[in-house]
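Chemist: Same order as they appear, the protein sequences are chains A and B. Per our numbering, residue 2 is the first one in the first sequence, and the count goes up by one each step. Per our numbering, residue 2 is the first one in the second sequence, and the count goes up by one each step. Here a beta-carbon is modelled for each residue, glycine too, at the ideal position from N, C-alpha and C.
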Amino acid sequence: MSKFLPLFDGLKLNSPLKTMSDDAGVENAKHIWENESLGGIAENNNPLPRPVVGLLLLTFITAMAWTFPLFGQRPSAAIYSDYIGIYKSDPVQRILNDTTLTSKEADERAMAMIEKALAEFPSKYEFQRTQHPITMSDLRIMEDKLIELQQTPGIDLEEYSIIGNEIVVANFEGNYKADGTREKKQPWWDKGYKTAIFWFLGFCLAVIITVKRLPPIDWKPDHSVAH
Amino acid sequence: MIKYLFAKEKDIPGGTAAIFFSFSAIMWFIIGTGIGSFNAAKLAFPDWFTHLYALQFGHMRQVHVHAVIFGWITGAFAASAMYVVPQLGNTKLWSEKLGVWNCFLWNVGLALGLSTLWFGMTSGREYSDFIWPIDIYIALVMVLPLFINIFMSIVTRRTQGIYTTNWFFAGSFFMLIIVFLVGNAPEFFHLTGLNEAYMTWWFAHNVLGLLITPVAAAITYYIVPKVTGNPLYSHRVGHLHFWSIVVFYSTPAAHHLMSSPLPEWLKSFASVEGVLILVPAVAYVCNILLTMQGKWAMFVENVEIKYTITGVLLAIPLNMQGGFQQTRAINWYVHGTGWIVAHAHLALLGFSTFAEAAAVYYGIQTIARRKLYSLSLANFHFWMLLIGFSLYWVSMTIAGLIQGAGKIYEVPYMDIVIAEHPYMIVRWLGGTMVFLGNFVWLYNMYMTVKAGDKLPVGLQPQDVAYVR
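This is the structure we're talking about:
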């Protein structure tokens, strides 16, 4: 065991908050600590100050919260799919073709009508639509490509992103199955966040075990022995 | 140097390799900052010196970046490691001869590499601009022997424990070989497109994250306890720093390409880890500043502590910027602007350079057993470096914010160029101050070896008063 996993040598778990090393291990560490001079340098055994521990926890919460894609993540083409059907409807087209309105007025009224109609039906894209509002000009740019994709069998619009004037596959995750669908697809709210949480927890576990193998924090080394 | 290249190991005095690396690093720093000053002048005054192809900005930017990273910064790291690692293990450098050859071939390789860039032979990938034969040379002829020497000095130490500094030295030089060989894969295997872009920034990210930042920190872990005489505040916080660097800084690097069509999960994951670099940063800064307890007068009175603590203090804004500028919201604004140039200089010319300068100041005195020739010249160098750097950093940060606003609000490019012109002039002035200060430093170091007062037996440089 010790040859391959020295981390677990002399592991003692009956008082893990104090130390995870057995008595022999602790005494050995204390002896080396006090009797050895590392080029004239000594080290203390202080814990991280408590306010700093709080700061580190705050850092993790901040990391998760701040990187959450409220802004900046590219919108999926799927959230605009329903816009097209309403855009092509007679009432909307009538407003767009109304010669008594300026083109700006017509666009604004038509988009307001589309958004009002969309609000009548519950949709899983409601939140994302508020994140990524579009104008009539945007809708015209994506119109042809979006219709083409809607009419292509086996296409999942959630895999397509709006990038400038293009609608392209831009999120590569999971292999294709025989029926053309993906093996896995992460929801829009978990783009790597579960991975990040597991990574962070793994780190905490490893570091806590590492530092808890040291002598307990209430032991203060006597530096006068070696220096 | 020629004498020692062909001398027997036992005939080479201890510290020879470190002295050669120290002076070669200062020389490259002068060359690198000189070219940087030249480049900044071309950005401030675009019509100046336009007639020689090899000296155009596109070539000179690459030469500047690689001269400072591999000539100055990594050279100073090598110098530091070659005297610090043996001292911490109560032993000698594993092979002084290998160290001297390492220094010789380091300079030959770098001169060759920079010449190829000068003549337009480049991979065209930022930070890994060298062509692939030079990349292999750097990994196998420059860094591998350095790693072997450092690693074997740790293996053959005469202590049971290994001090924090040596964890970083051994780990970083080993990782640098991996980073070089993997990060340059696009050239070895002709990867293109998104793969090439990703690997390019994986390389650049890890050169900073697994070499420059941790090794600079390693130096400060040595200098502060050694010179102040205080014990390091906490061994266990050192563990937290080391392992959080390994875990959080080495992660995917996709946050350098937030606007690319990389998988969103990869970018989010990288971005979370990007903010989490504040974990090692907080642990590190706390550990060093708390080690200074009761010895803050040395921040004013002692040259090495002045440089080291200034570097540590600069690590605070460095990591605050680094942690947050890669998040989607802020990256949207600052990406591709002078802000990033300012941040890169905060890392390399701020935090890292101050730590390395301290190591070179201390190392040359310790190895040559001579007291620093002139405190006044050292202070002059310090203020030229600090004021010059500050002018550079502040002016480029402002210029970056102007560029960001111009980018977002679609201001015509020429209007942005005109608006940032005053800041380009300040940048040139700041960079030139750093360049000129380095000549004073070289002179002071040369005179220290030649005419510095001899240190009495048993005393260290910090134990003896300054005389000039």
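Go ahead and label tyrosine 410 of chain B buried or exposed: buried means 16 or more other beta carbons lie within 10 angstroms of its beta carbon, across all protein chains shown.
Modeler: As a working note, residue 410 of chain B is residue 409 in the second sequence. With fewer than 16 Cβ atoms within 10 Å of its Cβ, tyrosine 410 of chain B is classed as exposed.
Chemist: Measuring only between beta-carbons, confirm whether glycine 162 of chain B sits less than 7 angstroms from chain D.
Modeler: Among the protein chains in the structure shown, which are A and B, there is no chain D.
Chemist: Please classify serine 38 of chain B as buried or exposed, where buried requires at least 16 neighbouring CB atoms within 10 angstroms.
Modeler: In the second sequence, the residue the question calls residue 38 of chain B occupies position 37. Answer is buried; the Cβ neighbour count reaches 16.
Chemist: Which word fits arginine 141 of chain A, buried or exposed, when buried means at least 16 other C-beta atoms lie within 10 angstroms of its C-beta?
Modeler: Against the first sequence, residue 141 of chain A aligns to sequence position 140. The residue in question, arginine 141 of chain A, is exposed, as its Cβ has fewer than 16 Cβ neighbours within 10 Å.
Chemist: Name the one or two DSSP bridge partners that leucine 12 of chain A has.
Modeler: The residue labelled residue 12 of chain A in the question sits at position 11 within the first sequence. According to DSSP, which records beta bridges pairwise, leucine 12 of chain A is partnered with A/Ser22.
Chemist: Within 10 Å of its beta-carbon, does glutamate 188 of chain B have 16 or more other beta-carbons around it, so buried, or fewer, so exposed?
Modeler: For the purposes of this step, residue 188 of chain B is taken as the residue at position 187 of the second sequence. Buried.
Chemist: Could you tell me how far apart the beta carbons of asparagine 178 of chain B and asparagine 167 of chain B are, in whole angstroms, since I believe they sit closer than 8 angstroms?
Modeler: Residue 178 of chain B sits at position 177 when you count from the first residue of the second sequence. Residue 167 of chain B sits at position 166 when you count from the first residue of the second sequence. Per the sequence presented here, residue 178 of chain B reads as isoleucine, with asparagine not at that position. Contact flag wrong, Cβ pair sits at about 17 angstroms.
Chemist: Quick one: using the 10 Å Cβ neighbour count with 16 as the cut-off for buried, is methionine 2 of chain A buried or exposed?
Modeler: Your numbering for residue 2 of chain A matches position 1 in the first sequence. Low local confidence applies: a pLDDT of 49 at methionine 2 of chain A is under 50, so the model's placement there is unreliable, with the coordinate-based value given in what follows. Its Cβ having fewer than 16 others within 10 Å, methionine 2 of chain A is exposed.
Chemist: Give the secondary structure of isoleucine 13 of chain B by DSSP, where H, G and I count as helix, E and B as strand, and everything else as coil.
Modeler: As a position in the second sequence, residue 13 of chain B is number 12, starting the count at 1. DSSP places isoleucine 13 of chain B in coil when its eight states are reduced to three.
Chemist: Assess contact between the region 334-346 of chain B and the region 398-406 of chain B, defined as three or more Cβ pairs (one per stretch) separated by less than 8 angstroms. Is contact present?
Modeler: Short answer: they touch.
Chemist: Measure the CB-CB distance between glycine 193 of chain A and tryptophan 266 of chain B and report whether it falls below 7 angstroms.
Modeler: Stepping through the first sequence from its first residue, residue 193 of chain A is reached at position 192. Stepping through the second sequence from its first residue, residue 266 of chain B is reached at position 265. Yes, they are a contact pair.
Chemist: Determine the direct distance from the alpha carbon of leucine 44 of chain B to that of threonine 51 of chain B, and round the result to whole angstroms.
Modeler: Within the second sequence, residue 51 of chain B is the residue found at index 50, counting from 1. Within the second sequence, residue 44 of chain B is the residue found at index 43, counting from 1. Taking the straight line joining both Cα atoms gives about 12 angstroms.
Chemist: As a quick exercise: from B/Tyr393, B/Ile224, B/Phe175, B/Ile3, pick the residue whose alpha carbon is nearest that of asparagine 207 of chain B.
Modeler: Within the second sequence, numbered from 1, the residue matching residue 207 of chain B stands at position 206. For the residues B/Tyr393, B/Ile224, B/Phe175, B/Ile3, the minimum Cα distance to asparagine 207 of chain B belongs to B/Phe175.
Chemist: Should isoleucine 306 of chain B be labelled buried (16 or more other beta-carbon atoms within 10 Å of its own) or exposed?
Modeler: Stepping through the second sequence from its first residue, residue 306 of chain B is reached at position 305. It counts as buried.
Chemist: Give the DSSP-derived three-state secondary structure of asparagine 46 of chain A in the structure shown.
Modeler: Here the question's residue 46 of chain A lines up with position 45 in the first sequence. Three-state DSSP puts asparagine 46 of chain A in a strand.
Chemist: With a threshold of 6 angstroms, establish whether the CB of lysine 146 of chain A neighbours any heavy atom of the ligand COA.
Modeler: Looking at this structure, you won't find the ligand COA or any other ligand, since it has none at all.
Chemist: Would you kindly work out how many angstroms separate the C-alpha atoms of valine 27 of chain A and threonine 160 of chain B, rounded to a whole number?
Modeler: By one-based count along the first sequence, residue 27 of chain A stands at place 26. By one-based count along the second sequence, residue 160 of chain B stands at place 159. Near 18 angstroms, if we compare the C-alpha coordinates of threonine 160 of chain B and valine 27 of chain A.
Chemist: Which of the three DSSP states, helix, strand or coil, is assigned to leucine 456 of chain B?
Modeler: Counting from one through the second sequence, the residue named residue 456 of chain B turns up at place 455. Looking at leucine 456 of chain B - three-state DSSP - the assignment turns out to be coil, as it is neither helix nor strand.
Chemist: Hey, does leucine 56 of chain A have any beta-carbon neighbour from chain B nearer than 7 angstroms?
Modeler: For the purposes of this step, residue 56 of chain A is taken as the residue at position 55 of the first sequence. Interface residue, yes.
Chemist: Taking the alpha-carbon positions, what's the asparagine 47 of chain A to glycine 41 of chain A distance?
Modeler: Walking along the first sequence from the start, residue 47 of chain A turns up at place 46. Walking along the first sequence from the start, residue 41 of chain A turns up at place 40. Their Cα atoms are separated by approximately 19 angstroms.
Chemist: At what residues does the alpha helix (DSSP H) containing tyrosine 1 of chain B begin and finish?
Modeler: Outside the modelled stretch of chain B, which goes from 2 to 469, sits residue 1 of chain B, for which no answer is possible.
Chemist: Kindly say whether serine 235 of chain B, judged by its beta-carbon, lies nearer than 7 angstroms to any beta-carbon of chain A.
Modeler: As a position in the second sequence, residue 235 of chain B is number 234, starting the count at 1. So yes, serine 235 of chain B belongs to the interface.
Chemist: Could you list which residues in chain A have their beta carbon closer than 8 angstroms to that of tryptophan 244 of chain B, in chain order?
Modeler: For the purposes of this step, residue 244 of chain B is taken as residue 243 along the second sequence, with counting starting at 1. Near tryptophan 244 of chain B (Cβ distances below 8 angstroms), the residues of chain A are Phe204, Ala207, Val208, Thr211.
Chemist: Counting only Cβ pairs nearer than 7 angstroms, list the residues of chain A close to valine 180 of chain B.
Modeler: Taking the first residue of the second sequence as 1, we reach residue 180 of chain B at position 179. Chain A residues near valine 180 of chain B: none, gap ~20 angstroms exceeds 7 angstroms.
Chemist: Taking just the CA atoms, how far does valine 53 of chain A sit from tyrosine 374 of chain B?
Modeler: In the second sequence, counting from the first residue as 1, residue 374 of chain B sits at position 373. In the first sequence, counting from the first residue as 1, residue 53 of chain A sits at position 52. Rounded to whole angstroms, tyrosine 374 of chain B to valine 53 of chain A spans 41 angstroms at the Cα level.
Chemist: Could you check the C-alpha separation between tryptophan 67 of chain A and phenylalanine 61 of chain A for me, to the nearest Å?
Modeler: In the first sequence, counting from the first residue as 1, residue 67 of chain A sits at position 66. In the first sequence, counting from the first residue as 1, residue 61 of chain A sits at position 60. Cα-Cα distance, rounded: 10 angstroms.
Chemist: With 16 other CB atoms within 10 Å as the buried threshold, where does phenylalanine 21 of chain B fall?
Modeler: In the second sequence, residue 21 of chain B corresponds to position 20, counting from 1. Phenylalanine 21 of chain B comes out buried.
Chemist: Report yes or no: is there a C-beta of chain B within less than 7 angstroms of the C-beta of isoleucine 33 of chain A?
Modeler: If you number the first sequence from 1, residue 33 of chain A lands on position 32. Chain B, which has a Cβ nearer than 7 angstroms to the Cβ of isoleucine 33 of chain A, makes this yes.
Chemist: Kindly indicate which three-state DSSP category serine 269 of chain B falls into: helix, strand or coil?
Modeler: What you label residue 269 of chain B is simply residue 268 of the second sequence in a count that begins at 1. Looking at serine 269 of chain B - three-state DSSP - the assignment turns out to be helix.
Chemist: Taking just the CA atoms, how far does leucine 6 of chain B sit from glutamate 357 of chain B?
Modeler: By one-based count along the second sequence, residue 357 of chain B stands at place 356. By one-based count along the second sequence, residue 6 of chain B stands at place 5. C-alpha separation (whole angstroms): 26 angstroms.
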